[in-house]
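Only one structure is covered here, and it is reproduced in the block below.
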Amino acid sequence: MAKVTMPQLGESVAEGTIGKWLKKPGDHVAKYEPLLEVITDKVNAEVPSPVEGTLTAILVEEGATVPNNAEIAVIETAEEAAAGSGVTATQAAPTAPAVSGPVVVSVPAANAAPSSAAPSHGPAGSDERPEHAEGPAPAERAAAIETAPLPGDPDARMTPAVRRLLREHGVTAAMILGTGGGGRITRDDISNYVETQRTGTSVGGQAVGSATAPATPAPAAPAPAAPASAAQAEAAAANGATNGSRAGAASAAPTDRRAAGPSQAISFPAGADEVLLPMTQMRKGIAAQMTRALAVPHAYVQMEVDASNLVRLRESLKRDYQASTGISLSFVPFVVKAAVEALRRHGSFNANWTDAGLLAKRRFNIGVAVAVDDGLIVPVIRDADQLSIHGLNQAIANVAGRARLNKLRLDDFGGGTFTIDNTGWLGSNLTMPIINVPEVGILTMEAITKRPVVVETAQGDVLAIRSVMNIVLGLDHRANDGAGGAALLRDIKAWLEAVGPDTALY
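Number 79 in numbering that gives the first Met the number 0 belongs to position 80 of the sequence shown; there are no gaps in the numbering.
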């Protein structure tokens, strides 16, 4: 039997929470096919199956948190099945299935009637319903569920605590219309739904079909703005939206006060002058990581870059580029390229800090900060030195788009050697970034603004309008000094200012 274990999603991540099982026992899984979603204090990621075979047992239920390398599932490969007995699990009698290896039996919800014939529940958010002591027979209820339109999304996103609350009330995500960002289901959504079923009235605009799924559900509240498609998210990312890109989400900001972010409105109960905003799991992780990072002695170097030629080149290429590739041409890949070229000459910045000393890295794995609904994550562009500007642009758009759609993969995390943050996306001109430890350097690219600049010419100094961008380097002063940081920044500046019509994208 192949054991599936909890992966480590980053150097500082010690545990993960089972967000959702994408397969159930008895399902066939292909190698590298997504098996489950794991939630850590940094990100949600899909975990692929390490082998091809049949999922025979789920050892950890949804919502449970386990340490790295803990066993969470068992998969029987085709070779093992052939070598076993001639009777397979699918051929065995349903009342006494022959199963090898440990099995976890789903426990019915509190309001479910015990029955030996009751089917085990699928993953939370699936279309399977628990059986109730009263109401239509199972076959009739299943037919009603299939024919009745449900207002919610069966694959809606939610926290483990909310998913557990769904199970406790014996309902599924498809029954509930999520009012959180991007259609997420909140605790209030479930409470309002349950109250609706109890009283038959609309609570907070959450009037939907009953738990037994009648043929005609009650009127539902207007659906929130649909989340952007993968293509739209990637296009937004390519426009430079690596950090702080919430323009598209601002109009659909949730009012759930437990999930409100910095750019979201906060609703106050009547008569209340203050309200507590408990931290999400991601915010707790960010807080812990930032606390560790600020124990590192930071130093900063800032320079101005004349980005006029860069802006001119992008303007001349962006229309044809988007027409041929389907994504926008961003400034970010130019800065990544400039940083990689400079890091070749300043290897002590392409490194991680350890207690034994500075661990220099041969590969250039550049982290790109991406703002998501719940916080900030830093997926990694691996071997960035092997990519052209177009390749970098494509990779950044892809990973940023998947990050916002919670479709990141395991290999998107860990092993970063240097981080770049596009803080200028929202108009900032000067930022003091916090290093993504154990890395020893982080670069921010600020807003490109037109400024009057003194330019030297053969006829003397003249005042000209130029496109100027500040770049800021945050460095770990244990590993490098300000002089080394200034030298690295000087080379990044020189590369960017040398961009011209002959700069190759491919």
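Glycine residues also receive a C-beta, built at the ideal position from the N, C-alpha and C atoms.
If I follow the unbroken beta strand (DSSP E) through residue i, where does it start and stop?
{"i": "G356", "result": "G356 to A359"}
{"i": "G18", "result": "E14 to W20"}
{"i": "N43", "result": "N43 to P47"}
{"i": "V73", "result": "E70 to T76"}
{"i": "P33", "result": "P33 to I38"}
{"i": "P66", "result": "T64 to P66"}
{"i": "L54", "result": "G52 to I57"}
{"i": "N351", "result": "A350 to T353"}
Closest to residue i by C-alpha separation, out of the options, would be which residue?
{"i": "L425", "options": "N397, G356, L442 and I447", "result": "I447"}
{"i": "R311", "options": "E303, A13, F330 and G182", "result": "F330"}
{"i": "G499", "options": "I17, D305, K30 and E273", "result": "D305"}
{"i": "G151", "options": "V335, A29 and A172", "result": "A172"}
{"i": "V439", "options": "A457, L504 and A294", "result": "A294"}
{"i": "F518", "options": "V334, A355, I365 and P332", "result": "Because the chain here runs from 0 to 505, residue 518 falls outside it and cannot be looked at."}
{"i": "M302", "options": "V65, A486 and P24", "result": "A486"}
{"i": "H297", "options": "G346, P437 and R408", "result": "P437"}
{"i": "F463", "options": "V454, V471, I395 and V335", "result": "According to the sequence provided, residue 463 is Ala. The question's Phe does not apply to it. That would be V454, whose Cα lies nearest to the Cα of A463."}
{"i": "P24", "options": "R403, R477 and L54", "result": "L54"}
{"i": "S387", "options": "Y505, G177, L34 and A264", "result": "Y505"}
{"i": "A503", "options": "K336, A359, K283 and L488", "result": "K336"}
{"i": "A1", "options": "R401, N43 and K30", "result": "K30"}
{"i": "H476", "options": "D154, V369, G413 and L357", "result": "L357"}
{"i": "P6", "options": "A72, N392, E273 and M444", "result": "A72"}
{"i": "T443", "options": "R344, V300, D480 and A478", "result": "V300"}
{"i": "N479", "options": "N421, G18, N351 and M174", "result": "N351"}
{"i": "H345", "options": "I74, V28, D490 and G18", "result": "D490"}
{"i": "G169", "options": "I189, T178 and G177", "result": "I189"}
{"i": "N469", "options": "K360, N392, E32 and S307", "result": "S307"}
{"i": "V50", "options": "S427, E79 and N43", "result": "E79"}
{"i": "R391", "options": "I441, V334, R403 and N405", "result": "First, the residue type needs correcting, since residue 391 is Leu and not Arg in the sequence shown. The shortest Cα separation from L391 among I441, V334, R403 and N405 belongs to V334."}
{"i": "I38", "options": "P66, H27 and K22", "result": "P66"}
{"i": "T158", "options": "D501, F417 and N405", "result": "N405"}
{"i": "R362", "options": "D354, L342 and V369", "result": "L342"}
{"i": "G423", "options": "N397, A368 and P378", "result": "A368"}
{"i": "M278", "options": "G270, A287 and A271", "result": "A287"}
{"i": "L495", "options": "A82, N421, I175 and P332", "result": "P332"}
{"i": "D420", "options": "R403, L275, I441 and R401", "result": "I441"}
{"i": "T324", "options": "A271, N397 and P378", "result": "N397"}
{"i": "E32", "options": "I74, M431 and A457", "result": "I74"}
{"i": "Q393", "options": "L275, Y192, G484 and Q321", "result": "Q321"}
For the alpha helix (DSSP H) containing residue i, name the first residue and the last one.
{"i": "R183", "result": "From DSSP, R183 is part of no alpha helix (DSSP H); its letter is neither H nor E."}
{"i": "D490", "result": "G481 to E496"}
{"i": "V335", "result": "V331 to R344"}
{"i": "Q7", "result": "Counting along the chain, Q7 falls outside any alpha helix (DSSP H), and DSSP gives it neither H nor E."}
{"i": "Q321", "result": "S307 to T324"}
Name the one or two DSSP bridge partners that residue i has.
{"i": "S466", "result": "K449"}
{"i": "I285", "result": "DSSP lists no partner for I285."}
{"i": "Q301", "result": "V471"}
{"i": "V28", "result": "G52"}
{"i": "G459", "result": "T456"}
{"i": "M157", "result": "BP columns for M157 are empty, so no partner."}
{"i": "A1", "result": "I74"}
{"i": "T443", "result": "D420 and V471"}
What whole-angstrom Cβ distance do residue i and residue j have, given they're in contact under 8 Å?
{"i": "G374", "j": "I433", "result": "The Cβ separation is near 13 Å, so there is no contact."}
{"i": "R162", "j": "G62", "result": "6 Å"}
{"i": "T64", "j": "G15", "result": "7 Å"}
{"i": "T4", "j": "E70", "result": "6 Å"}
{"i": "K449", "j": "S466", "result": "6 Å"}
{"i": "L429", "j": "V471", "result": "7 Å"}
{"i": "I511", "j": "I395", "result": "This structure leaves residue 511 out entirely; the chain is present only between 0 and 505."}
{"i": "D384", "j": "V339", "result": "5 Å"}
{"i": "V46", "j": "L58", "result": "Wrong, their Cβ atoms sit about 14 Å apart, outside the cutoff."}
{"i": "R186", "j": "A155", "result": "Rounded, the Cβ-Cβ distance is 13 Å, inconsistent with contact."}
{"i": "K19", "j": "E36", "result": "4 Å"}
{"i": "L8", "j": "A44", "result": "6 Å"}
{"i": "L316", "j": "L328", "result": "6 Å"}
For chain C, check one thing: does any of its Cβ atoms lie closer than 8 Å to the Cβ of residue i?
{"i": "I71", "result": "Protein chain content of the structure displayed is limited to a single chain, and chain C is not contained in it."}
Self-check item: Within the stretch 365-441, ranges of the beta strand (DSSP E) (whole runs, at least 3 residues)
Solution: 365-367, 369-371, 374-376 and 417-420
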